[in-house]
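Novice:
4 protein chains.
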Amino acid sequence: MPTLPTLCDIASSARAKRERRKDARPGELLAAALELFVEKGFAATRAEEVAKLAGVSKGTLFLYFSSKEELFKAVVRENISGRFSEWSAELETFEGNSADLLRYCMTAWWERVGSTKASGISKLMMSEAGNFPELAAFYQEEVVKPGNDLIRRVLQRGVDSGEFRQLNVEYGVYLLLAPMMFLALWRHSLGPCVAGNGELDPIAYLNTHIDNLLLGLTVRTPAAPNAS
Amino acid sequence: MPTLPTLCDIASSARAKRERRKDARPGELLAAALELFVEKGFAATRAEEVAKLAGVSKGTLFLYFSSKEELFKAVVRENISGRFSEWSAELETFEGNSADLLRYCMTAWWERVGSTKASGISKLMMSEAGNFPELAAFYQEEVVKPGNDLIRRVLQRGVDSGEFRQLNVEYGVYLLLAPMMFLALWRHSLGPCVAGNGELDPIAYLNTHIDNLLLGLTVRTPAAPNAS
Amino acid sequence: MPTLPTLCDIASSARAKRERRKDARPGELLAAALELFVEKGFAATRAEEVAKLAGVSKGTLFLYFSSKEELFKAVVRENISGRFSEWSAELETFEGNSADLLRYCMTAWWERVGSTKASGISKLMMSEAGNFPELAAFYQEEVVKPGNDLIRRVLQRGVDSGEFRQLNVEYGVYLLLAPMMFLALWRHSLGPCVAGNGELDPIAYLNTHIDNLLLGLTVRTPAAPNAS
Amino acid sequence: MPTLPTLCDIASSARAKRERRKDARPGELLAAALELFVEKGFAATRAEEVAKLAGVSKGTLFLYFSSKEELFKAVVRENISGRFSEWSAELETFEGNSADLLRYCMTAWWERVGSTKASGISKLMMSEAGNFPELAAFYQEEVVKPGNDLIRRVLQRGVDSGEFRQLNVEYGVYLLLAPMMFLALWRHSLGPCVAGNGELDPIAYLNTHIDNLLLGLTVRTPAAPNAS
DNA sequence: CATGAATGAGCTTTCATTCAT
DNA sequence: GATGAATGAAAGCTCATTCAT
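Keeping their order, the protein sequence lines are chains A, B, C and D. FYI, in the UniProt record's numbering the residues of the first sequence are 1 to 228. FYI, in the UniProt record's numbering the residues of the second sequence are 1 to 228. FYI, in the UniProt record's numbering the residues of the third sequence are 1 to 228. FYI, in the UniProt record's numbering the residues of the fourth sequence are 1 to 228.
#1: Going by C-alpha distance, which of C:Thr45, C:Val159, C:Gly130 and C:Leu91 is nearest Trp109 of chain C?
#2: Compare the Cα-Cα distances from Tyr104 of chain C to each of C:Glu69, C:Asp211 and C:Ala32 and report the closest residue.
#3: Are Val38 of chain D and His188 of chain D touching if we call contact CB-CB under 9 Å?
#4: List the residues of chain B that Gly55 of chain A touches, going by C-beta distances under 9 Å, in chain order.
#5: Quick one: which residues of the segment 129-146 of chain A get their C-beta closer than 9 Å to a C-beta of chain B? List them in chain order.
#6: Between the Cα of Glu170 of chain B and those of A:Ala43, A:Leu30, A:Leu61 and A:Tyr205, spot the shortest distance and give me the residue it belongs to.
#7: Using the C-alpha atoms, what's the distance from Val50 of chain A back to Leu213 of chain A?
#8: Work out the CA separation of Met181 of chain B and Leu177 of chain A for me, nearest whole Å.
#9: Quick check: the Cα distance between Ser57 of chain D and Leu71 of chain D, rounded to an integer number of angstroms?
#10: So which residues on chain A does Cys105 of chain B lean against when the C-beta distance must stay under 8 Å?
#11: On the criterion of 16 or more Cβ atoms from any shown chain inside 10 Å, does Glu128 of chain D qualify as buried, or is it exposed?
#12: Measuring alpha carbon to alpha carbon, tell me which residue in C:Val219, C:Lys123 and C:Leu102 is nearest Leu175 of chain C.
#13: Is DSSP giving Thr218 of chain A helix, strand or coil here?
#14: Mind listing which residues of the segment 187-219 of chain B have their C-beta closer than 7 Å to chain A's C-betas, in chain order?
#15: When you compare the CB of Leu4 of chain C with every CB in chain D, is at least one pair closer than 9 Å?
#16: Quick check on Ile151 of chain D: buried or exposed, where buried means 16 or more other Cβ atoms within 10 Å of its Cβ?
#17: Using a Cβ-Cβ cut-off of 9 Å, state whether Arg152 of chain A counts as contacting chain B.
#18: Drop a sphere of 10 angstroms on the beta-carbon of Thr45 of chain C, count the other beta-carbons inside from all chains shown, and report buried for 16 or more, exposed for fewer.
#19: Is the CB-CB distance between Glu199 of chain A and Ala99 of chain A below 9 Å?
#20: Could you list which residues in chain D have their beta carbon closer than 7 Å to that of Pro179 of chain C, in chain order?
#21: Kindly say whether Ala118 of chain C, judged by its beta-carbon, lies nearer than 9 Å to any beta-carbon of chain D.
#22: Taking Cβ positions only, does Lys40 of chain A come closer than 9 Å to chain B?
#23: Terminal residues of the continuous alpha helix (DSSP H) containing Trp87 of chain B?
#24: Just reading off the alpha helix (DSSP H) that Lys73 of chain A is part of, what are its end residues?
#25: Any Cβ of chain A within less than 9 Å of the Cβ of Ser12 of chain B?
#26: Can you name, in chain order, every residue of its own chain whose Cβ lies under 6 Å from the Cβ of Phe42 of chain A, other than the five neighbours on each side?
#27: What is the rounded straight-line gap between the Cα of Ala118 of chain D and the Cα of Trp186 of chain D?
#28: Pick helix, strand or coil for Phe182 of chain C, following the three-state DSSP scheme.
#29: What is the DSSP secondary structure of Phe62 of chain D, counted as helix, strand or coil?
#30: Relative to the alpha-carbon of Thr218 of chain D, which residue among D:Glu48, D:Ala47 and D:Asn97 has its alpha-carbon at the smallest distance?
#31: Return no unless some Cβ of chain C is closer than 9 Å to the Cβ of Lys68 of chain D.
#32: Which residue from B:Asn168, B:Leu63 and B:Asn79 puts its Cα closest to that of Lys22 of chain B?
#33: Determine the DSSP secondary structure at Phe164 of chain B, reduced to helix, strand or coil.
#34: Would you say Lys58 of chain C reaches chain D, if we count a Cβ-Cβ gap shorter than 9 Å as a contact?
#35: Since Gly172 of chain B contacts Gly216 of chain A with CB under 8 Å, what's their CB separation in whole angstroms?
#36: Below 6 Å CB to CB, which residues in the same chain sit around Pro225 of chain B once its five sequence neighbours on both sides are set aside?
Take a look at the structure:
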């Protein structure tokens, strides 16, 4: 015998739907916040905008995050998922010479990070590190160190195989890192200001760096005078 | 024989002391502004703080700089763009090969800008460019363009003289710029978070970059295979 | 039989009360603003005072009016320009001779504007026009022009029907306007200083003007020499 | 025997010159203040501007007038010199009919007051009466009353001679006053905002008023049906 | 006396945060 | 839980007024 839903049924179904939405809320808010923080910076992003983009009211945001600062921390933490293990595996299984590996690494970084919203996180950290020291330490530990390790292993691979000259890999890391970071930051700060004329083509920029990097790193055999 | 100061002396000394203070004010304000802008960012620095640090009242600041933005521009001019002509002259009169010039440039940058508070300005612009388009445009015009020009001339000198290989100097500029900018940004953002352990030695960092840069740029004569 | 309010009733009543306050706010703020603008002038009235008089906080004012100038414009619309269409309709449907219409217009102006706080707005604009060109332009467009048009139509009606003599209505407008404006200005400036002795009776003042105005305007038939 | 001027001589001569200038100072400041107050209003006129226009420093202004308000009072008092006795005499000796006298009065007012800076004083008083009640009372006594008396006598002259119809001269005064005051105020407030199109020609404006005024006032003999 | 550098109260506007509904 | 009206602490800038010189 079919029964009409009771008030209680309706309430519980509404509650169920609401709880389902409730679970999704933080994620929607974090996504909205990431979008806006990256686009406009922390200070210039208004809490209300984040709420609106997430489709909730201003008050709701503060239900889930006790302050704008806490929201920021959550955004950064959320988006620093370690894709490092995956990359580490790729590095391990890469077949080919180290020059190609290095080139592959920087190109892959551009495709997967540099050109995406993820690079905005780097910019955010650079900008706000001073205001969020704990967060900076966290980022340092979770991103900078593993990232540097990865790069270091690429260099060490080349040195060990005799493809690259001897060098202090601790500092050599920055030969790769600096160009990538500069590009990421540039694209999220002054870059957009020169849109139109004199704009930077990321691919050409990276290739210029990679080419010169390898010219400097690669050991050239005396027998074959620089044919490059 | 000691003489008593004349009436005229007294008057002029009085005026002199007053004028000395007046003349000193802008410099004191600029120093205070640089300090705070670099430490806290442009938006987060309150005009009153700058005034207080310079030992004057809020109103006095606006006696010398018509707005906070003008104050910022003055800071930039004082610390960076005002010095390009001097650097340009140095470049013009440099005697020696282009590799040495390049090395000299990057070292000099470190000593005069990178290691000083002035390097914070670069970080500042990266952080705030999006929110202050007018400042970004100003910086672009007064710092980025002339700075790039300077670097381009160094590269072109080497290419023209046959010391450096042929390369697109437009992008080659970033071979020098990226390492310097990354260092400046790092030292004013995440750098301070790792103070003590694993800290970056700027000199070693720069030398690593310079060495590899020159290895990549320099044309090696086939007759004397990589003598480096 | 009385019924308990349902859940829905309670909810809607709660919302209703909130919304009623929200709906009432603009009106309360406009009333407060009119009061203070008229009493102290536009520039000398602080936004916070308006808010306080309306029983809300400073911030709330800007929730409803995006700036002090917009608040002023809203006050003008509410009290003057928003009522022109009604007046225009009255003019259109008035039955009676043009002398009576003219008399009716000036009397109605006194009752609806001149004797109310709204007349302070005219004084306000006269005082502040020079310092707030945008407001002056707004007032010109929203009040002066439509107001003059209205008066012009009254005159034209009389001329067209042969009741009034031929005259340049463009300037004739001021035959009505000047007396009304002078009264408004007087009552909000020097008038209050002579309160008690020698004070101006507005009705007598206006009637004196109207009577003489009509004596001057009305065409007297030669057959019945001044029957007035 | 000629003597070199002693220090004391020099000082006293300097003192003499300075005292001469000192005597002139208040007048120069008052003139400058009148100019600016009339042009921009009381609040919008900065003390420093007044000082500069008078050719002295900001501090000096406050040496002669203890505050901006005192300066304003002095300006108004200074510029309300009674030219009334002169006008009264003119009125007394005027030969011609009263219509011509009335016409002459209003025209003369325009030439001597309305079109000159002096009319700015009226506008100032209207604008600032609320903020300077004592001043308003003073103005009332020194300007408004004598002025009204003068006008009243013109009307009374016409009524006594039978040229003008019977009317309550107490209120009749405003038949002349309102048009003149409106013109003065208009020209110093909203008038300048419509410069170019629809601007008011003062002469045409006044003539329109005078013509209608006289048509209304003048007794027309039944024998000569309105030939006007 | 005269100066003008210095002051700081005061103004409009913004926005993170709260809380009655 | 969710809402959004309300709050009030800031912040940049102005300018009458003071006072050391």
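Think of the CB as a built atom: it goes at the ideal place given N, C-alpha and C, for glycine as much as any other residue. What you are looking at is a predicted structure, and each value in this text was computed from that prediction instead of being measured.
Specialist: Let me lay it out:
#1: The count along the third sequence starts at 1 and reaches residue 109 of chain C at position 109. Comparing Cα positions, the closest option is C:Leu91.
#2: Locating residue 104 of chain C in the third sequence gives position 104, where the first residue counts as 1. Nearest C-alpha to Tyr104 of chain C: C:Asp211.
#3: Your numbering for residue 38 of chain D matches position 38 in the fourth sequence. Your numbering for residue 188 of chain D matches position 188 in the fourth sequence. Yes, these two residues count as a Cβ contact at 9 Å.
#4: Taking the first residue of the first sequence as position 1, residue 55 of chain A is located at position 55. Those within 9 Å of Gly55 of chain A in chain B number zero; the least Cβ separation is about 25 Å.
#5: Ala129, Gly130, Asn131, Pro133, Ala136, Ala137, Tyr139, Gln140, Val144 and Lys145
#6: As a position in the second sequence, residue 170 of chain B is number 170, starting the count at 1. Checking every option, the nearest Cα to that of Glu170 of chain B belongs to A:Tyr205.
#7: Along the first sequence, one-based indexing puts residue 213 of chain A at 213. Along the first sequence, one-based indexing puts residue 50 of chain A at 50. Those two C-alpha atoms are separated by around 42 Å.
#8: To locate residue 177 of chain A, count along the first sequence from 1; it is residue 177. To locate residue 181 of chain B, count along the second sequence from 1; it is residue 181. Cα to Cα, the separation comes out at about 12 Å.
#9: In the fourth sequence, the residue the question calls residue 57 of chain D occupies position 57. In the fourth sequence, the residue the question calls residue 71 of chain D occupies position 71. Between Ser57 of chain D and Leu71 of chain D, the C-alpha separation is close to 15 Å.
#10: The residue labelled residue 105 of chain B in the question sits at position 105 within the second sequence. None at all; the shortest Cβ gap to chain A is about 16 Å.
#11: One-based indexing of the fourth sequence puts residue 128 of chain D at position 128. Flag for Glu128 of chain D reads buried.
#12: Translated into the one-based positions of the third sequence, residue 175 of chain C becomes position 175. That would be C:Leu102, whose Cα lies nearest to the Cα of Leu175 of chain C.
#13: Residue 218 of chain A sits at position 218 when you count from the first residue of the first sequence. Strand, per DSSP.
#14: Ser189, Leu190, Cys193, Val194, Ala204, Tyr205, Thr208, His209, Asn212, Leu213, Leu215, Gly216 and Leu217
#15: Numbered from its first residue, the third sequence carries residue 4 of chain C at position 4. Note that Leu4 of chain C scores a pLDDT of 47, beneath 50, so its modelled location is shaky; the value from the coordinates is reported in the next line. With 9 Å as the cut-off, Leu4 of chain C does not count as an interface residue toward chain D.
#16: Taking the fourth sequence and counting its residues from 1, the one referred to as residue 151 of chain D is at position 151. Per the 10 Å Cβ criterion, buried.
#17: For the purposes of this step, residue 152 of chain A is taken as the residue at position 152 of the first sequence. So, not an interface residue.
#18: Taking the first residue of the third sequence as position 1, residue 45 of chain C is located at position 45. It counts as buried.
#19: Residue numbering aside, residue 199 of chain A sits at position 199 when the first sequence is read from its first letter. Residue numbering aside, residue 99 of chain A sits at position 99 when the first sequence is read from its first letter. Contact: no.
#20: Indexing the third sequence from 1 puts residue 179 of chain C at position 179. Simply Ala178.
#21: Translated into the one-based positions of the third sequence, residue 118 of chain C becomes position 118. No, Ala118 of chain C lies away from the interface with chain D (no Cβ there is under 9 Å from its Cβ).
#22: Taking the first sequence and counting its residues from 1, the one referred to as residue 40 of chain A is at position 40. Closer than 9 Å to some Cβ of chain B, the Cβ of Lys40 of chain A qualifies, so yes.
#23: If you number the second sequence from 1, residue 87 of chain B lands on position 87. That run of the alpha helix (DSSP H) goes Phe84 to Thr93.
#24: To locate residue 73 of chain A, count along the first sequence from 1; it is residue 73. Note, Lys73 of chain A: alpha helix (DSSP H), Lys68 to Asn79.
#25: In the second sequence, counting from the first residue as 1, residue 12 of chain B sits at position 12. Its pLDDT being 48, under 50, Ser12 of chain B is placed unreliably in this model, and the value from its coordinates should be taken loosely. For Ser12 of chain B, the answer is no, since every Cβ of chain A falls outside 9 Å of its Cβ.
#26: By one-based count along the first sequence, residue 42 of chain A stands at place 42. Closer than 6 Å at Cβ, skipping near neighbours: Phe72 and Glu128.
#27: Taking the fourth sequence and counting its residues from 1, the one referred to as residue 118 of chain D is at position 118. Taking the fourth sequence and counting its residues from 1, the one referred to as residue 186 of chain D is at position 186. Each residue's alpha carbon lies about 14 Å from the other.
#28: The sequence position of residue 182 of chain C within the third sequence is 182, counting from 1. It is helical.
#29: Here the question's residue 62 of chain D lines up with position 62 in the fourth sequence. Helix.
#30: The count along the fourth sequence starts at 1 and reaches residue 218 of chain D at position 218. The residue with the shortest Cα to Cα distance from Thr218 of chain D is D:Asn97.
#31: By one-based count along the fourth sequence, residue 68 of chain D stands at place 68. With 9 Å as the cut-off, Lys68 of chain D does not count as an interface residue toward chain C.
#32: Taking the first residue of the second sequence as 1, we reach residue 22 of chain B at position 22. Comparing Cα positions, the closest option is B:Leu63.
#33: Working through the second sequence from its first residue, we reach residue 164 of chain B at position 164. Phe164 of chain B: strand per DSSP, three-state reduction.
#34: Sequence index remark: in the third sequence, residue 58 of chain C carries index 58 (1-based). Chain D, which has no Cβ nearer than 9 Å to the Cβ of Lys58 of chain C, makes this no.
#35: In the second sequence, the residue the question calls residue 172 of chain B occupies position 172. In the first sequence, the residue the question calls residue 216 of chain A occupies position 216. Contact flag wrong, Cβ pair sits at about 13 Å.
#36: In the second sequence, the residue the question calls residue 225 of chain B occupies position 225. Bear in mind that a pLDDT of 46 at Pro225 of chain B, under 50, signals an unreliable position, so the number given afterwards is only what the model happens to contain. Excluding residues within five positions, none has a Cβ falling inside 6 Å.
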